[in-house]
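Chemist:
Residue numbers (the numbering used here), protein chains in the order written: chain A, 3 to 438; chain Y, 84 to 359; chain C, 1283 to 1571.
#1: Could you pull out every residue in the same chain whose Cβ sits closer than 6 Å to the Cβ of residue 1323 of chain C, ignoring the five residues on either side in sequence?
#2: Beta-carbon within less than 6 Å of residue 328 of chain Y's beta-carbon, same chain only, minus the 5 sequence neighbours each way: which residues are those?
#3: Determine the extent of the beta strand (DSSP E) in which residue 141 of chain A is found, giving its start and end residues.
#4: Nearest by alpha-carbon distance to residue 1368 of chain C: which of C/1447, C/1341, C/1307 is it?
#5: In terms of alpha-carbon separation, which member of A/358, A/351, A/196, A/160 lies closest to residue 292 of chain A?
#6: Tell me which residues share the same chain as residue 1385 of chain C and place their Cβ nearer than 8 Å to its Cβ, disregarding the 5 neighbours each side in the sequence.
#7: Terminal residues of the continuous beta strand (DSSP E) containing residue 181 of chain A?
#8: With distance defined between alpha-carbon atoms, name the residue in Y/124, Y/122, Y/309 nearest to residue 335 of chain Y.
#9: In chain A, which residues lie less than 8 Å from residue 211 of chain Y when you measure between Cβ atoms?
#10: Name the chain C residues whose beta carbon is nearer than 9 Å to that of residue 413 of chain A?
#11: Give the DSSP bridge partners of residue 284 of chain A, in chain order.
#12: Just grab the DSSP bridge partners of residue 174 of chain A for me.
#13: Please check if any C-beta of chain B sits within less than 8 Å of the C-beta of residue 1427 of chain C.
#14: With a threshold of 16 other CB atoms inside 10 Å of the CB of residue 207 of chain A, please say whether the residue is buried or exposed.
#15: Note down, one range per segment and in chain order, each alpha helix (DSSP H) of at least 4 residues found wholly within the stretch 312–348 of chain A.
#16: So residue 236 of chain A and residue 143 of chain A are in contact, right, with Cβ under 8 Å, and what is the actual spacing, rounded?
#17: From this set, C/1290, C/1551, C/1486, C/1552, which residue's C-alpha is nearest residue 1458 of chain C's C-alpha?
#18: Does residue 136 of chain Y have its Cβ less than 8 Å from a Cβ in chain A?
#19: Cβ of residue 1505 of chain C within 8 Å of Cβ of residue 1357 of chain C?
#20: Can you say whether residue 1362 of chain C is buried or exposed, counting buried as having 16 or more other CB atoms within 10 angstroms of its CB?
#21: Please classify residue 62 of chain A as buried or exposed, where buried requires at least 16 neighbouring CB atoms within 10 angstroms.
#22: What is the rounded straight-line gap between the Cα of residue 194 of chain Y and the Cα of residue 1480 of chain C?
#23: Helix, strand or coil for residue 1332 of chain C? Go by DSSP, reduced to three states.
#24: Rounded to a whole number of angstroms, what is the C-alpha to C-alpha distance between residue 1527 of chain C and residue 210 of chain A?
#25: Just mark residue 352 of chain A as buried or exposed, buried being the case when its beta carbon has 16 or more other beta carbons within 10 Å.
#26: Name, please, each residue of chain A whose Cβ falls closer than 7 Å to the Cβ of residue 122 of chain Y.
#27: How far does the beta strand (DSSP E) with residue 263 of chain A in it extend, from its first residue to its last?
#28: Return the chain-ordered list of same chain residues with a C-beta closer than 6 Å to the C-beta of residue 166 of chain A, the five sequence neighbours on each side being excluded.
#29: Taking all protein chains shown into account, decide if residue 1533 of chain C is buried (16 or more other Cβ within 10 angstroms of its Cβ) or exposed.
#30: Let's see if you can read the secondary structure: which residues bound the alpha helix (DSSP H) around residue 284 of chain Y?
#31: Residues of chain Y with CB under 9 Å from residue 1317 of chain C, in chain order?
#32: Give me whichever residues DSSP pairs with residue 31 of chain A in a beta bridge.
#33: Does the CB of residue 23 of chain A have a neighbour CB from chain Y at under 8 Å?
#34: Return the residues of the stretch 279–298 of chain A that lie within a Cβ-Cβ distance of less than 8 Å from chain Y, sorted by chain order.
#35: So what does residue 470 of chain A bridge to, in DSSP terms?
#36: Using 8 Å as the threshold, is the C-beta distance between residue 185 of chain A and residue 249 of chain A below it?
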C-alpha cells in the first residue's frame, strides 16, 4: 500500500519521460566479444523473420556483465530475457532452478549435433539449460617466422620445457619482441583460468577430496615458479595487467612469439585486417609435463533464459536462431567461414569449407582433449577444468588471482603469494561451511 | 590602480601558462586525436600527433553498433531532471537556512554532507531490492530520484553559501516598503540568487552526467545513459583504442562543450562561501 | 529579527530536504544492518543468522588494514597534490597574460570528463608499458618503460584522480585569489617584503577558507573513489590498490556475499563518520558557520 503510493508519487513526478516497454521486446545481455558484436550486426535476419519481436542489446565487458546478470537473476529482478553465461554458471544456476530448460528449440535445431564435451558442461541431469553460442579450449599460437629465426620447430604437442626454451630463444627485448605472452591480470576468468589449467598439467589441484585447499603443495609451487620465471625472462613488461584482450593486442601488433590462450583468438590473429602477423601464425596443442593432463581449458559462452520469464516463446526463438546451423551459414555468407562462431557443432567441423580454415582442426582437437569431469592428475571432488564449479569459486579465485598477480609484478615472492592464497582460501571455505 | 607589467613578463607568463594548460589538456586532446586514427595507428609504436590518415570509420562503427541518441537523451533527462528536482527541494531549504538560521542549521548542513561520505556499494543490494519491488529498475524516474538524493547535499550547501552572501538589509528594506513575501521573492531575491542557482545547476549537472555507479547498476536499456554506453566499449576483444576514443569523445563532448560555454556562470558561484 | 512565524516557515521549508535525505539514508542502512547479521550469499538463497561472524571475517581479513591505509593514502595524496598544485596554478593564472580565457578552458577541461573515461584513457593510452604514450616517451630518452599499474598502482591512481580534481581546486583557489585586495600586496611590496614572504604572509592566509572548502568537498568524493580503481588495477596487484569501498565491492559483487559486504558497508559507514567528525571540526573553525 505504502510502497505503491511512493511509486505512484515518483512516477507522477516524472510522467511523460518514462518509456514503457512493448510486450515483445527481448532484452539480451551479452559480452562485448567479437562474435557477439557480429551477432548484433546480423540481427536484421532475425527480426525480418520475426517481425513481432524487437531486440534490445546490453553489451558489457565480461566482469561487468557477470555482476549484472548474477545480481538480476539472484534477486529475480527480471531485467533480462536472454543472458549470456558460461559453463561455470550453468550447473550452479540450473541447480537453483533459475534457468529454463531448453526444450523445444525447433525441429531443425538438432541438439545432438552439439559437441558432446560442450553439451555435457551445459546440461544438468541430461537437460540442456543453455545453448552454446561459441565454445573454446586453449592452445598455443605462435609466430612461424620467429620460431624459424630462433632455429627451433614447434611440435604438434609441445611440453612446458620446450615452451620455456623457445620463449627465451625468441625474446628480443631491444626490438620489443617477447617470447611468450600469458595472462597476468587478476581475475578468476583471467589469470586464474590460465593458471588453474596450467596447474592441472603440473599435477596440482585446487582441493583434495575433503575440500582442503592445496596451495601449500609442491605442484603449485612448481607451477607458479615456472610461470613467474618464464614471464620475467621472456614476457612483455606490465604483464600483471595483461588479460586476454591486452595479449591479443600485443600479438596482433607483432610483439609476441607465442601466446597460449583461448582457441577463439585464432580467427582474430589470422585476420589480416587487424593483425600485422596474420600470415605467420601457427597452432599447437596446449603444453603438458608428461603427467597425462594438458594445460587446456574448456569454456562455452552460451545463451540461457531465466526461469519465470513472460516471453518464453520469443526468447526460445532467439536462442535457437543464434545457435543454429543456419546462423553459422549466415555468418559464413557475410563474413567468411573463418568468422563463424567456433566450437559448438559437429557438423561445422565436418563441413569441407570450414575444414579449410587453418585453425579448425587444432580447435576441435583441443576441445576434445579437455575433460571437465576428470580435470586433474589426482582425484578431486569438483568438476571444471579452469574453474571449480562451486558458487564461492569466483570470489576466492579472484583474490587468489590478485596474490599471483602480485608475485608476477614482483610485489611479493612466490612463496608469500602461495601462503596468502592458502590462508585466504581456507578462510573463505570455512566461512562458506565446507566440507559440505 | 592596475599594476604595471612589462611586456616581457607578460610573455613569460603566457608561455608558462600555455605550457601547463596544454599539458593538463593533453590527455583529452590525445583521446580526440586517437578517435580519428585507424586501430593499427592507434597502437603504433611510433605515435604521431597530427600526421596520420584521418578517418571517420570509428565514429561510423560506434554509431552502427550503439543507439547513441538514446543514451544521450537519457543522460540529458537524468542529469537535468535530477538537478531540477534537487533545486525544487533545495532552494526553500537553503533559503530558510540562510535567512532564518537556527542553532540546528549548522548541524543539519554537516549531517547532509556526511551522508555523501558513505560508499554507495554498501547499500547497493537494499536499493536494488527496493527498486525491484517498486518496479523502478531501468527506469529514468528511479534514476532521477537516486541522483537527486545523491547530489542534494551539494546543492543545498552551494545554494546556502550563495544565499548567505545576499545582505539581509535588502530584504528588510523591501519589507519596510511593504513588499509581500511573494514579491520579495520575485523582485528582490530571485535576481540576486539567479547566478548562484545557475552555477549550482551547472556543477551538479556535470556531477550527475558523470555519475558512474548508480547509473551503471540500476539501468539496462530503457534508462541507460552515456556511462553505460562507454561501458560497452571498455576492453572488448581485438584492437579497441580508436573505437574507445571515439566513444569517449562522444560521451564527454556534450558536457565539455556545456562546461566551456558556461564557464563564467559556473565559476562565479563556485566559491562555496570561500570568498568573503 | 526572526519571528516565530518565520521560524515555522523556515522549518517547513527545510523539512522536505531533510526528510527525503533521511529516508534515503536510513531505509537502505537499516536493511544493510539487518543483512550484516545474516549469512546471506546471493548465489545461495538460504539465509541464516550469523551473529557477528560477518564483522569478524571482515575485520580480520588481511586486506582490511591495507585497504584502510590505501584509502587514507589516496585521500591525503590527492589532497596534497591538488591543493598545492592548485595554489601554484591559481597563482599562475592570476598573472596577466595573452589568451587567458582559452588557457582557463584548457585547465578546467579534465573536470568535465567522466571518471570511467579518464581511467580507461589513462590506463590504455598512457600507462600501458608497451603501447602507452609514457612508454614511448621513456623509450625516446632511452630508459626502460615503467610498468605503472603493476609496480606503482597506488601512485597511478592518485595521479589519475589528481588530474581530475586539479581543475576544481585551481578554480576555487583562483576565485579566492582574485578577491584579494591588491592594495594590501602593494603595501607589502613598498615595505620591501620579498615575493616569497608576500606569498606566505598575505596570500596563503587569505586562501585558508578556500582551501578548507576544497578539502571538504574533495574528501567527500575521494573517500568513495571506486570507478578509477575498478577500471585500472581492480584493486591489485595483491591488495596494493584496494580501498575500503573497493573491498566492500569485492565482497558484495565478486563474491556475492551480501552478509559480508553489508558488514563491510557498516564498517565503512562508521569510518566515514569518524572522518566526517574531524572534517567538520576543521570546517567549523575556518568557515564560521
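For every residue, glycine included, the Cβ atom is placed at its ideal position computed from N, Cα and C. Just so you know, these numbers come straight off a predicted model, no measurement behind them.
Modeler: In this structure, then:
#1: Correct list, in chain order: 1538, 1539.
#2: In its chain, beyond the 5 residues on either side, 114, 117, 118 have a beta carbon closer than 6 Å to the beta carbon of residue 328 of chain Y.
#3: Going by DSSP, residue 141 of chain A is part of the beta strand (DSSP E) stretching over 133–145.
#4: Taking only the C-alpha atoms, the option nearest residue 1368 of chain C is C/1447.
#5: Here the closest residue by C-alpha is A/160.
#6: Here residue 1385 of chain C has 1375, 1379 as same chain residues with Cβ atoms under 8 Å from its own Cβ, once five neighbours each way along the sequence are excluded.
#7: Run containing residue 181 of chain A: 180–183, per the beta strand (DSSP E) assignment.
#8: Across the set Y/124, Y/122, Y/309, the C-alpha of Y/309 shows the shortest separation from the C-alpha of residue 335 of chain Y.
#9: Residue 211 of chain Y reaches chain A at 73, 77, 79, counting residues in chain order whose Cβ is nearer than 8 Å.
#10: Residues of chain C passing the Cβ test: 1432, 1433, 1435, 1518, 1519, 1520, 1522.
#11: DSSP output for residue 284 of chain A lists A/144 as bridge partner(s).
#12: Per DSSP, the beta-bridge partners of residue 174 of chain A are A/179.
#13: Going by chain labels, chain B is absent from the structure shown, which instead holds the protein chains A, Y and C.
#14: Flag for residue 207 of chain A reads buried.
#15: Runs of the alpha helix (DSSP H) inside the stretch 312–348 of chain A: 314–324, 327–337.
#16: The pair is not a contact, with the Cβ atoms about 15 Å apart (cut-off 8 Å).
#17: Cα-wise, what sits closest to residue 1458 of chain C is C/1486.
#18: At least 8 Å separates the CB of residue 136 of chain Y from every CB of chain A.
#19: The Cβ atoms of residue 1505 of chain C and residue 1357 of chain C sit closer than 8 Å to each other.
#20: When all chains shown are included, residue 1362 of chain C counts as exposed.
#21: With at least 16 other beta carbons inside 10 angstroms of its own, residue 62 of chain A counts as buried.
#22: Roughly 38 Å between the two C-alpha positions.
#23: In the structure shown, residue 1332 of chain C sits in coil (DSSP, three-state: anything other than H, G, I, E or B).
#24: Distance between the alpha carbons of residue 1527 of chain C and residue 210 of chain A: 34 Å.
#25: Residue 352 of chain A comes out exposed.
#26: Here the neighbours are 276.
#27: That run of the beta strand (DSSP E) goes 258–264.
#28: Taken in chain order, the residues that qualify are 232.
#29: Looking at its Cβ environment, which holds 16 or more other Cβ atoms inside 10 Å, residue 1533 of chain C is buried.
#30: Bounds of the alpha helix (DSSP H) holding residue 284 of chain Y are 273–293.
#31: Around residue 1317 of chain C, the beta-carbon contacts reaching into chain Y at under 9 Å are 208, 209.
#32: Paired residue(s): A/60, A/85.
#33: Its pLDDT being 43, under 50, residue 23 of chain A is placed unreliably in this model, and the value from its coordinates should be taken loosely. Chain Y, which has a Cβ nearer than 8 Å to the Cβ of residue 23 of chain A, makes this yes.
#34: Answer in chain order: no residues at all.
#35: Residue 470 of chain A is absent from the model: chain A starts at 3 and stops at 438.
#36: Yes, the pair counts as a contact, with Cβ atoms nearer than the cut-off.
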